[in-house]
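Quick note: the sequence shown uses my numbering, first residue -9, plus one each step.
A virtual CB, placed ideally from N, CA and C, is assigned to each residue, including glycine.
Structure first, then comments.
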Amino acid sequence: MQQHRVHNAEQNPGQHLNGRMADKFLELNVRQLAGGELVKRADDLVDDGGLLAGLEPDAHRVLADDHGEHRGDGKLEGIEPVDEGRRHRDQLNAWNLDHIHMTSSNGTDLTVGLADDATWEGASSKAENGTDFIANVPTEEVFCAPHRERVNGIVYGTKPYVYNGQLIEGWHVTFKDGKVVEHGAEKNASLLAELLSTDENACRIGEIALVPASSPINQSGVLFYNTLFDENAACHIAFGAGYPTNIKGGSKMNRTELLAKGLNDSAIHEDVMIGAPDTNVIGTTKDGKEV
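The structure is reproduced here in structure tokens:
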């Protein structure tokens, strides 16, 4: 889950402009969902001043086809109702999972142990004053906190990842006892290495998220070059920090207490897509039953 990102406009003006596009898209989604309209047009991303021309290269990459032509009539329809996401979250919490095992034909074979007293969240959250809110619109994910020392296996990225304005493609990482011990990429492997070495815990994960393959973002076939949208296209993990709210009572715990529960701590939180059309996820409960 990516709730906010900080961009340095001077170092990377493309990402700054892409953030403006994301804000426009988010505003449209909120307004249209509130009015009961669940269709979003790519054309709406262009503001009155002709924002498309000023958003090179990010917006043009989102709104153009493989030949560089404007898509024109792209639509994303049928956002999954929030109530359905809540049902998924409640079922996962009711199972009281110890770990999940993810496999797919691309070679992914990953076991993710969950943090102590971990709780799944998704669709909506509750503010400190008790108000329900949705941090990201659209939203498809249900997410939880992995145990920082209980992640093992190999996982292959299924979508490119945008880091510092550049694409990391064809990437994979191998975990042992929660830490990345081997990694590679077909394109920009050095950037992946840079990401994973941001600090001592950037090579561990702070989030595991499940997203259905039927997600409208995924079905659109569009890479938005913005994690707020792209994370709703596939199951994903996040390198770096976990969310205290994914631990029961975590919002009232200090760093030492959260680390004792297994929650990772880092300066970064970077979501990367790992879900494939044939991804199989098996959960094992704390009493040893597979679900």
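Leaving out the 5 sequence neighbours to the left and right, which residues in its chain are closer than 7 Å to residue i when beta-carbon positions are compared?
i: L185; result: Y153, A192, F229, E260
i: A108; result: C134, A135, N236, I237
i: K169; result: C193, R194
i: Q156; result: N178, L181
So what's residue i in DSSP terms, helix, strand or just coil?
i: L248; result: helix
i: T274; result: strand
i: P234; result: helix
i: K242; result: helix
i: A308; result: The displayed coordinates of the chain run from -9 to 281. Any statement about residue 308 would go beyond what the structure contains.
i: N83; result: helix
i: L182; result: helix
i: R138; result: strand
i: E67; result: Note that E67 scores 48 on pLDDT, short of 50, meaning its location in the model is unreliable; the coordinates nonetheless yield the value given after this. If DSSP states are grouped into helix, strand and coil, E67 belongs with coil.
i: G25; result: Here G25 scores only 37 on pLDDT, less than 50, and its place in the model should not be relied on; the value that follows carries that caveat. In the structure shown, G25 sits in coil (DSSP, three-state: anything other than H, G, I, E or B).
i: D261; result: strand
Looking only at its own chain, which residues have a Cβ that is under 8 Å from the Cβ of residue i, when we skip the five neighbours before and after it?
i: T188; result: G230, S256, A257, I258
i: H162; result: G97, I144, V145, Y146, G147, H173, G174, A175
i: W85; result: G273, T275, V281
i: A183; result: H173
i: P234; result: G240, S241, M243, L248, L253
i: R245; result: D255
Please say whether residue j and residue i have beta carbons closer to each other than 9 Å?
i: V141; j: V201; result: no
i: L87; j: K276; result: yes
i: I144; j: D106; result: no
i: I158; j: K177; result: yes
i: N254; j: G240; result: no
i: E131; j: G160; result: no
Sorted by chain position, which residues of the same chain lie with C-beta nearer than 6 Å to residue i's C-beta, five sequence neighbours on each side aside?
i: D167; result: E139
i: E172; result: T164
i: Y151; result: I158, V262
i: K279; result: none
i: W283; result: In the structure displayed, the chain extends from -9 to 281; residue 283 sits before or after that span and is not available.
Indicate whether at least one CB of chain C lies closer than 9 Å to the CB of residue i.
i: E118; result: Of the protein chains in the structure, only one exists, and it is not chain C.
For the stretch 242 to 262 and the stretch 77 to 93, state whether three or more C-beta atom pairs, one from each stretch, are separated by less than 8 Å.
no
For the structure I just gave you, are there three or more beta carbon pairs, one from the stretch 222 to 236 and one from the stretch 257 to 269, closer than 8 Å?
yes
Taking one C-beta from the stretch 267 to 278 and one from the stretch 83 to 96 each time, how about it: are there three or more such pairs within less than 8 Å?
yes
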